[in-house]
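Enquirer: Chains as they are written, first to last, in the numbering used here: chain A, 1 to 545; chain B, 1001 to 1545. Where a beta carbon is used, it is the ideal one built from N, C-alpha and C, also for glycine. From a predicted model like this one, the values you see are computed outputs, not experimental measurements.
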């Protein structure tokens, strides 16, 4: 097994695994020229650490222009008319893999194994539209890709399917559209995770692929009448009330920070798999994403409201959202810390916040659990107490011992509210239960690691032999200051494939406080199913032929 | 098994385990009156959370006065003259348990099992002088205790044994005397741990029992000529050199902080027990202690030297000790943090620093590894780089992966220096391999827990059935601000005794970032043998008769 000392590789020397996958062997139907297109657009992407989605070259855009013609020519054939309901039944190799692109319906069953981006990725679109994936991975928008696709055409989508009507009686009818790649755990309120194997593709997660964790319908906010109020409750002195329009808010100095947000319930599925069910949605490893946020520092707003930072009379700052409302609070020390980077954010990855992520203003509290980073914030309250909401003082975001099997008689005020999160990591690729070929000798393992409180990742160790030997992964991280390492670390490692029918891969991360992930999930079981940061373990099958 | 929700008990309701042990059953030779003395001095002690050693009542002091007479009367008998070498051979039940008190020699073999403070504690003095233990546990200094002792007299210590000569050719000859209860891992330089079972007796550890971890002889410092220099290296601008006498240093505002210090090598013995030896002294769980330190804030001194806190040009602050020299550094963010409580300390538990703990000035860096809390500091340097010393940049205080079996070819600059420490705990009582009686039904388990970075302990879970069930311990802690919980948490829990020949007790702590200790020690093995924070596990034998 290859063992490398820990270290931070420069982005240029970091070879992402799909480069290896782009090797031409076994891809007979993809012309050599097309392979070049894939390669060069990926090379472009590699050059943009922390960059955004639009990595397609001018050539790609030109190809999109040419596309209408191609499709127009195809439409002349009389294809059978098909419905989305019918198409959605075809999402496995057994039932056939159908996708739509614009109005065309395609049976790509035969192509799936040849997809240069990997079988598991193209299967994310099975039974539905491929368009939203291609808008994320724009290397597809070139003529040669469409040439391949048209060989698989089997039908045309019914015209009515395109039109969508909102049901005005449903409070969720005004929710925004979401990307079909998201792994939906609940439709209303909308709760969905990022597909794990797409995570390592982008240092900052595109907003379409960001996990969404809502407690209510998404508020509809008029930016003209929106006001952000800053006030104090009765116990706190020296705060002037503020009533800020969006324009006024934007006049404060702008500050940006790149930070990873994670739901306390991430990886709950593994706790449930122990046999005793927990309370909450069955998140796998996708309740985590990273963005660059822009906005005003909370401390600047509090200073404008007259807060005395030397001896603040407030002990907590509450954030109150416009959804029915959701509210939560953070300790004053974090709120006013010059190095704490707490924002009232109005931008995500350089654009106005999307509605799903708190438009027009949300709290960003780097290093803390996402539950405190309230969306659609319209009120900030300085208080001597923690927020009174159930999400703060109830059992929802508190960590209980494994010995608590029922909340009967339990006093949640005795248990600390979750604020900073513990060290965490997950394996994204290969997906669990996927198959690797013994011939390849090694499997490239990719994932992410992160810790709360601004503690950076110093090491990720990975094992394919249940800890008898460890391989230290190569790390890819932003250069952030010590104690302000808010963004995750992406990592990859090559592990030898054992000559067995299947094997387990485990990853464990270590942070700058030298906390490391506990090995067993069992002792981390808790009735709310939160805070699972045990080693991430996946099973991989081996094809020995 | 008794299960209690986590919570912080007020000191008054916290029943320490030796209260239970003072129950009169099985102590035939201790008069009822004496039991009362024990009980009331312990009650006094319980009333003094975080207090110092001197908990003996006036009555006790009076009894010390009466003592000379008792001993004087005894000296009239012609006891055989004995040497320390001879006495030191008698420290087991098999060889007899001998102790000295002043010039008297006593065979207390028969008394050991009846000791109200527990057999394991009195055995700490076996083969040596009991005087230094009684000066710590002054409830012994009453007439009735001496009445018991005199029944066991067997000899008189030779007069010469009292005289001690310093060997001037030995650089360690000027080292201070240490308390014999310390568990010595190395004499020169002196390295010794606190006996684990004494730890929970005192929230702040008496300086005699503090663990000592030296790299060199203890410097001999003249307080009149001592100067503390503050300077910058060539890369750092805006710092005026300071040259401070002890008197000038004391003119800065005085600040006190109660904090726990732990050696990175604490619990190395468990790593060595895995079979692959690590590099370093074989510390068990005693390389940890707590004190209240008084001194000046480092930030006040740096401000006096002209440092700009808004955008400091320095990135690290070095502390240089007077021992040959030892030096180490901490990041600037911690050094100047208003809430970081970094001190240049001149007092420990209300008195001048003892020589073993850095007289006249040491660094106190709460929440960080003790290795950065340099003793005998005579120079503070603002720099853009970490200290160049081997203890900072070499392999000594860096955490390596278990896959590093040799330092050949390893570049330590790729690995983060240990600063904050991870969440930790240990079981102090019962001692490992001790015996409990099945009749008692339950065993009271006591210990400490702590985490680095000001993260408090939110829960300690203890198991006697290998994690099938967990009992949440009662916690005793100082009221310290959120994020500034520098002092440890003492804890206790009652566990059912299983009807087996022996069983294992495991403890795991959870801190405010919800990091918890990893279960297995194996993956924490590292060539330097540091940072072992796996669950603490002890074996207890069961007497079923």
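Output, in sequence order along the chain, the residues in the region 451 to 483 of chain A whose CB is closer than 9 Å to any CB in chain B.
Expert: 451, 452, 453, 455, 456, 458, 459, 461, 463, 467, 469, 470, 471, 472, 481, 482, 483
Enquirer: Can you find a CB in chain B that lies within less than 8 Å of the CB of residue 526 (chain A)?
Expert: Position 526 of the first chain, counting from 1, holds the residue named residue 526 (chain A). Not an interface residue.
Enquirer: Quick check on residue 1247 (chain B): buried or exposed, where buried means 16 or more other Cβ atoms within 10 Å of its Cβ?
Expert: Position 247 of the second chain, counted from the first residue, corresponds to residue 1247 (chain B). Burial call: exposed.
Enquirer: Any idea which residues DSSP pairs residue 630 (chain A) with across the strands?
Expert: The structure shown has nothing for residue 630 (chain A), since chain A only spans 1 to 545.
Enquirer: Give the range of the beta strand (DSSP E) segment to which residue 1503 (chain B) is assigned.
Expert: For the purposes of this step, residue 1503 (chain B) is taken as the residue at position 503 of the second chain. 1502 to 1511 is the span of the beta strand (DSSP E), which, as asked, contains residue 1503 (chain B).
Enquirer: Have a look at residue 397 (chain A) and residue 352 (chain A) and give me their C-alpha separation to the nearest angstrom.
Expert: Start at 1 with the first residue of the first chain, and residue 397 (chain A) comes out as number 397. Start at 1 with the first residue of the first chain, and residue 352 (chain A) comes out as number 352. Rounded to the nearest angstrom, the two C-alpha atoms are 29 Å apart.
Enquirer: For residue 1290 (chain B) versus residue 1426 (chain B), is the C-beta spacing smaller than 8 Å?
Expert: One-based indexing of the second chain puts residue 1290 (chain B) at position 290. One-based indexing of the second chain puts residue 1426 (chain B) at position 426. If you check the CB distance, residue 1290 (chain B) and residue 1426 (chain B) do not come in under 8 Å.
Enquirer: Beta-carbon within less than 6 Å of residue 347 (chain A)'s beta-carbon, same chain only, minus the 5 sequence neighbours each way: which residues are those?
Expert: Taking the first residue of the first chain as position 1, residue 347 (chain A) is located at position 347. Hits under 6 Å: 294.
Enquirer: Please classify residue 1307 (chain B): does DSSP put it in a helix, a strand, or coil?
Expert: Within the second chain, residue 1307 (chain B) is the residue found at index 307, counting from 1. Correct three-state label for residue 1307 (chain B): coil.
Enquirer: Specify the secondary structure class of residue 1424 (chain B) as computed by DSSP and reduced to three states.
Expert: The sequence position of residue 1424 (chain B) within the second chain is 424, counting from 1. In the structure shown, residue 1424 (chain B) sits in a strand (DSSP, three-state: E or B).
Enquirer: Among the residues of its own chain, which have a CB less than 7 Å from the CB of residue 1283 (chain B), if the five just before and after it don't count?
Expert: Residue numbering aside, residue 1283 (chain B) sits at position 283 when the second chain is read from its first letter. Excluding positions up to five away in sequence, the list reads 1185, 1193, 1263, 1265, 1266, 1267, 1268, 1269.
Enquirer: Would you check if the distance between the CB atom of residue 1517 (chain B) and the CB atom of residue 1466 (chain B) is smaller than 8 Å?
Expert: As a position in the second chain, residue 1517 (chain B) is number 517, starting the count at 1. As a position in the second chain, residue 1466 (chain B) is number 466, starting the count at 1. No, these two residues do not count as a Cβ contact at 8 Å.
Enquirer: From the DSSP output, which residues share a beta bridge with residue 318 (chain A)?
Expert: Within the first chain, the letter at position 318 stands for residue 318 (chain A). Looking at the DSSP assignment, residue 318 (chain A) forms a beta bridge with A:329, A:381.
Enquirer: Whole angstroms are fine: how far does the CA of residue 1532 (chain B) sit from the CA of residue 1525 (chain B)?
Expert: The residue labelled residue 1525 (chain B) in the question sits at position 525 within the second chain. The residue labelled residue 1532 (chain B) in the question sits at position 532 within the second chain. Distance from the CA of residue 1525 (chain B) to the CA of residue 1532 (chain B), rounded to the nearest whole angstrom, comes to 7 Å.
Enquirer: Once you ignore the five residues that flank residue 1315 (chain B) on each side, which residues in its own chain have a CB closer than 6 Å to its CB?
Expert: On the second chain, position 315 is the one that residue 1315 (chain B) refers to. Hits under 6 Å: 1332, 1384.
Enquirer: Name the DSSP beta bridge partners of residue 85 (chain A), please?
Expert: For the purposes of this step, residue 85 (chain A) is identified with residue 85 of the first chain, where counting begins at 1. None; residue 85 (chain A) has no bridge partner.
Enquirer: Is the CB-CB distance between residue 1288 (chain B) and residue 1430 (chain B) below 8 Å?
Expert: As a working mapping, residue 1288 (chain B) is identified with position 288 in the second chain. As a working mapping, residue 1430 (chain B) is identified with position 430 in the second chain. The answer is no: Cβ separation not under 8 Å.
Enquirer: Rounded to the nearest angstrom, what separates residue 1496 (chain B) and residue 1459 (chain B) at their Cα positions?
Expert: Position 496 of the second chain holds residue 1496 (chain B). Position 459 of the second chain holds residue 1459 (chain B). Distance between the alpha carbons of residue 1496 (chain B) and residue 1459 (chain B) is about 20 Å.
Enquirer: Judging by CA-CA distance, which residue of B:1286, B:1480, B:1175 is the nearest neighbour of residue 1199 (chain B)?
Expert: Position 199 of the second chain, counted from the first residue, corresponds to residue 1199 (chain B). Nearest C-alpha to residue 1199 (chain B): B:1286.
Enquirer: Since residue 1257 (chain B) and residue 1241 (chain B) should fall inside the 8 Å C-beta cutoff, what is the C-beta to C-beta distance between them, to a whole number of angstroms?
Expert: As a first step, residue 1257 (chain B) must be located in the second chain, where it is residue number 257. As a first step, residue 1241 (chain B) must be located in the second chain, where it is residue number 241. In fact, because the Cβ distance is near 27 Å, the residues do not count as touching under 8 Å.
Enquirer: Spatial neighbours of residue 544 (chain A) within its chain, please: C-beta separation below 6 Å, excluding the five flanking residues on both sides.
Expert: In the first chain, the residue the question calls residue 544 (chain A) occupies position 544. The answer, listed in chain order, is 438.
Enquirer: Start and end of the beta strand (DSSP E) containing residue 1462 (chain B)?
Expert: Translated into the one-based positions of the second chain, residue 1462 (chain B) becomes position 462. Taken as a continuous stretch (DSSP letters only), the beta strand (DSSP E) holding residue 1462 (chain B) covers 1457 to 1463.
Enquirer: Give the C-beta separation of residue 423 (chain A) and residue 493 (chain A) to the nearest angstrom, bearing in mind that I take them to be a contact with Cβ-Cβ under 8 Å.
Expert: Taking the first chain and counting its residues from 1, the one referred to as residue 423 (chain A) is at position 423. Taking the first chain and counting its residues from 1, the one referred to as residue 493 (chain A) is at position 493. Their Cβ separation, rounded to whole angstroms, is 17 Å, which puts residue 423 (chain A) and residue 493 (chain A) out of contact at 8 Å.
Enquirer: DSSP puts residue 96 (chain A) in a beta bridge; with which residues?
Expert: For the purposes of this step, residue 96 (chain A) is taken as the residue at position 96 of the first chain. Looking at the DSSP assignment, residue 96 (chain A) forms a beta bridge with A:92.
Enquirer: Can you confirm whether residue 1489 (chain B), when its beta carbon is compared against all beta carbons of chain A, has any partner nearer than 8 Å?
Expert: The count along the second chain starts at 1 and reaches residue 1489 (chain B) at position 489. No - not a single Cβ of chain A is within 8 Å of the one on residue 1489 (chain B).
Enquirer: Do you know how far the Cα of residue 1328 (chain B) is from the Cα of residue 1419 (chain B)?
Expert: Numbered from 1 along the second chain, position 419 holds the residue referred to as residue 1419 (chain B). Numbered from 1 along the second chain, position 328 holds the residue referred to as residue 1328 (chain B). Roughly 10 Å separates the two Cα atoms.
Enquirer: Following the continuous alpha helix (DSSP H) through residue 543 (chain A), name the residue where it begins and the one where it ends.
Expert: Counting from 1 along the first chain, the entry for residue 543 (chain A) is found at position 543. Segment 536 to 543 is the beta strand (DSSP E) holding residue 543 (chain A); no alpha helix (DSSP H) there.
Enquirer: How is residue 34 (chain A) classed by DSSP in three states: helix, strand or coil?
Expert: Here residue 34 (chain A) refers to the residue found at position 34 of the first chain. The predicted position of residue 34 (chain A) is uncertain, since its pLDDT is 41 and thus under 50; a value taken from the coordinates is nonetheless stated next. Three-state result, residue 34 (chain A): helix.
Enquirer: Could you list the residues in the region 377 to 399 of chain A with a C-beta less than 7 Å from some C-beta on chain B, going in chain order?
Expert: 399
Enquirer: CB residue 1522 (chain B) to CB residue 1279 (chain B), shorter than 8 Å?
Expert: Reading the second chain from its first residue, position 522 is the one you call residue 1522 (chain B). Reading the second chain from its first residue, position 279 is the one you call residue 1279 (chain B). Taking 8 Å as the Cβ cut-off, residue 1522 (chain B) and residue 1279 (chain B) do not qualify as a contacting pair.
Enquirer: Taking Cβ positions only, does residue 510 (chain A) come closer than 8 Å to chain B?
Expert: Counting from one through the first chain, the residue named residue 510 (chain A) turns up at place 510. So yes, residue 510 (chain A) belongs to the interface.
Enquirer: What are the start and end residues of the alpha helix (DSSP H) that includes residue 1150 (chain B)?
Expert: The sequence position of residue 1150 (chain B) within the second chain is 150, counting from 1. Residue 1150 (chain B) -> alpha helix (DSSP H) spans 1143 to 1150.
Enquirer: Starting from residue 390 (chain A), trace the alpha helix (DSSP H) both ways and give me its first and last residue.
Expert: For the purposes of this step, residue 390 (chain A) is identified with residue 390 of the first chain, where counting begins at 1. Note, residue 390 (chain A): alpha helix (DSSP H), 390 to 393.
Enquirer: By how many angstroms is the C-alpha of residue 1115 (chain B) removed from the C-alpha of residue 1133 (chain B)?
Expert: For the purposes of this step, residue 1133 (chain B) is identified with residue 133 of the second chain, where counting begins at 1. For the purposes of this step, residue 1115 (chain B) is identified with residue 115 of the second chain, where counting begins at 1. About 14 Å.
Enquirer: Please confirm if residue 1287 (chain B) has its CB atom under 8 Å from at least one CB of chain A.
Expert: Indexing the second chain from 1 puts residue 1287 (chain B) at position 287. With 8 Å as the cut-off, residue 1287 (chain B) does not count as an interface residue toward chain A.
Enquirer: Taking DSSP as the reference, what is the three-state secondary structure of residue 155 (chain A)?
Expert: The sequence position of residue 155 (chain A) within the first chain is 155, counting from 1. Looking at residue 155 (chain A) - three-state DSSP - the assignment turns out to be strand.
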